[in-house]
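Structure first, then comments.
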Amino acid sequence: MTVTDPATAAQPTPPRTTTGLHPGAVAVGFAVLCASWMLNAMDRQVFYPLLPEIRADFGFSLKQAGFLATGFTLGLAIAGFLAGFVVDRYSRKTVIMLSVLVYSLGTVAIPLSSGFLDMSLYRIFSGVGEGVQATALYAIVGSFFFRRRAFAAGFIGVAFGGGIFLGPMIGVPFAAAFGTWKAPFYLFGALGIAMATLIAALVSRKMTEVRQGAAGAAADSAEDYSHVPARPYNRNTFVFGFAAVASGLVFYGFIGLYPTFLREQLGFDAGQAALAVSLSGLGAMLALVAGWLGDIVSQKWLIAGTFVLIAVVSVLMYGTVTDPTGQYVLSFLMGALASGSLFTNTATAMQRSVRPEHIGRGQGLFMLTYYVAAAFSGLLFATLVSGFGWATAGLWQLSVLPVVAALALLLVDPSRMIGAPRPATQPATARS
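Residue numbers (my numbering): 17 to 448.
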C-alpha cells in the first residue's frame, strides 16, 4: 500500500506545455529572444540618424551614404537564406547565440573604418549575423507557436519597433555626450556580447528545437497538409516573395534616408529627425495587432490593403507635409504599416505557404527576397532623388511600387496555405 504525504499531495502540479516546459520558462525564454531582436533593431537603427555626421566626417556622397544605410542587408539576405537550411538541421539556440556575437563584432568594427570600402564590409558582416538570427528566431516562433504564429511574431515585431524607437533615442544623446558618432557603436557591440550570454543561460533548447507545432497543439503531427505544395518553392511563395521584395524596397528606402530628407530637405535639427525616426519604431510596435489580424483574416487581403495605405502615406510624407508634427504622425504610420504589418504578415504568410518541415526554408526565402531588395533600396532611392528630387523619388519607390505589389497578390491561392479548409476536390498529393 502506497502512503501519500498529505503535505506533498496538497501541492498543485505546475502546468506544462506539451514540450514539458513550465509556462514561466517559456515566458522568460521568449522574452530574452525578443530582447535580442530588440537589440538587433537598436544596433542597425542607430546608424541612420548619425549618417549625416558620418557622411561629413568621411566626405561620402549621397549615393555612398544611401548604400551604407541599407547595403548591410545584402549580408542579411544571403546569410538569412542559407540559414534556412541550417536551422532546419542544427541547433537553433546555438545559431542564434553565434549570430548575435557576429553582428555585435561587426558593429564594433564600424567606428574603426578608414573609408567607404571597409565600412561597407563591416556593415555587411554585421548584416550576416542579423540575417542568421532573424531566420532562426522566426523559425522558432513558427514551430513552437504553430497555431498562433502571426500573433507570436507580432511580439517579435513589437520588440523590433522598440529597438527602432530606442536606438536613436539612446544612440544620438550617447554620441553627443562623448562628442563623437563612434561611441554608440561600441556601446551596442558590448550589449550584444552580454545578450549572447543571457540567451545561453535563460533560453531552453526544449523551446528552440521544436520542429513542429508544440505549444498547446499536440495533435499537429496528425494533421493533413497535403493541400499545401510539397515543394517549398511554389506559386504562393513566389508571389509572397515579390511582396517581400516590394516591402524591403519600401521600408528600407524610407528608413535609410528619411533622417537625411528631414535634415537636408525640410531643415529639421538632429533632435527632431531622431524623434521622427523613433516614432516609426513606436508605429512598428503595432505588429502585435497586425499579427493578431493575420491569424484571423486573409493575409492575402491584409497585406494588399497595407500596401495601398503605404502608397497614400508616402505621397503625403514626401510631397505635401513639411511641418514636424505632420511628419511625426506620418512616420508613426509608416512604421506601423511597413514594419509592423508588412514584415510580420509577409514573413508568416510565407511560412503558411510551405509544409511544417520546410518552415526554415520558407523563412529563408523571405529573408532573401526581403533583404536583397532592402540592400539596394537606399542606393535606388538616392539615385531617384539625385535625378528627380525627393517628391518624385517617394512617389515611384514608395507609392507606385506598393500598388503594383498589391495587384500581384491577386495571384495568391489561399486554399493552398496552412490554415485554409481543404477543398473537397483536392487530390491526395498536392501540386506545386
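A virtual CB, placed ideally from N, CA and C, is assigned to each residue, including glycine.
Distance, residue j Cα to residue i Cα
i: Pro430; j: Thr362; result: 13 Å
i: Thr253; j: Trp53; result: 25 Å
i: Ala327; j: Gly380; result: 27 Å
i: Ser402; j: Ile434; result: 45 Å
i: Asp236; j: Gln367; result: For Asp236, the predicted model reports a pLDDT of 46, less than 50, meaning its position is unreliable and no value from the coordinates is stated.
i: Ala210; j: Leu117; result: 9 Å
i: Leu425; j: Thr360; result: 16 Å
i: Val48; j: Leu218; result: 7 Å
i: Arg377; j: Ala168; result: 19 Å
i: Gln343; j: Glu280; result: 14 Å
i: Phe132; j: Val42; result: 43 Å
i: Leu203; j: Ala286; result: 20 Å
i: Val331; j: Leu37; result: 49 Å
i: Met113; j: Leu353; result: 30 Å
i: Gly321; j: Leu384; result: 23 Å
i: Val111; j: Leu282; result: 43 Å
i: Ser142; j: Ala212; result: 15 Å
i: Trp412; j: Ala216; result: 45 Å
i: Ile186; j: Tyr274; result: 18 Å
i: Ala150; j: Glu225; result: 15 Å
i: Trp317; j: Asn250; result: 19 Å
i: Trp197; j: Thr341; result: 27 Å
For residue j and residue i, believed in contact at Cβ under 8 Å, the rounded distance
i: Val244; j: Pro418; result: Wrong, their Cβ atoms sit about 28 Å apart, outside the cutoff.
i: Val329; j: Met350; result: 6 Å
i: Gly66; j: Ala81; result: Position check: residue 66 holds Leu in this sequence, whereas Gly was assumed. Contact flag wrong, Cβ pair sits at about 11 Å.
i: Gly297; j: Phe160; result: Not really, about 26 Å apart at Cβ, beyond 8 Å.
i: Thr408; j: Leu395; result: The pair is not a contact, with the Cβ atoms about 17 Å apart (cut-off 8 Å).
i: Val148; j: Gly208; result: 13 Å between Cβ atoms; not a contact.
i: Val345; j: Gly183; result: Not confirmed; about 20 Å, so no contact.
i: Gly272; j: Tyr64; result: 6 Å
i: Phe382; j: Ala260; result: 5 Å
Enclosing alpha helix (DSSP H) for residue i [first to last residue]
i: Trp317; result: 315-335
i: Glu69; result: 63-74
i: Gln367; result: 360-368
i: Val157; result: 132-160
i: Asn250; result: Taken as a continuous stretch (DSSP letters only), Asn250 belongs to no alpha helix (DSSP H), as it is neither H nor E.
i: Arg108; result: 108-125
i: Tyr241; result: Where Tyr241 is concerned, there is no enclosing alpha helix (DSSP H), given that its DSSP letter is neither H nor E.
i: Lys79; result: 78-86
i: Gln288; result: 286-300
i: Ser347; result: 340-350
i: Gly307; result: 303-312
i: Met211; result: 199-218
i: Pro372; result: Note, Pro372: premise wrong, no alpha helix (DSSP H); not H, not E.
i: Pro418; result: 417-424
i: Ile94; result: 89-103
i: Arg221; result: 221-224
Burial state of residue i (16 or more Cβ within 10 Å)
i: Ala72; result: exposed
i: Gly75; result: exposed
i: Asp104; result: buried
i: Phe194; result: exposed
i: Ile126; result: buried
i: Val157; result: buried
i: Asp59; result: buried
i: Ala302; result: A small fix is needed here, since residue 302 is Leu in this sequence, not Ala. Classification of Leu302: buried, given that the 10 Å Cβ count is 16 or more.
i: Leu84; result: buried
i: Val201; result: It is Phe, not Val, that sits at residue 201 in the sequence shown. Phe201 comes out buried.
i: Phe404; result: exposed
i: Trp406; result: buried
i: Ala306; result: buried
i: Glu146; result: buried
i: Leu248; result: For clarity, residue 248 is Pro in the given sequence; the question names Leu instead. Buried, since its Cβ has 16 or more Cβ neighbours within 10 Å.
i: Val416; result: exposed
i: Ala99; result: buried
i: Thr441; result: Note that Thr441 scores 45 on pLDDT, short of 50, meaning its location in the model is unreliable; the coordinates nonetheless yield the value given after this. Thr441 should be labelled exposed.
Closer than 7 Å: residue i CB and nearest the ligand NAD heavy atom
i: Ile112; result: Annotation note on the ligand NAD: not contained in the displayed structure, which lists no ligands.
4-residue-minimum alpha helix (DSSP H) runs that sit fully inside the stretch 376-411, ordered along the chain: 406-411
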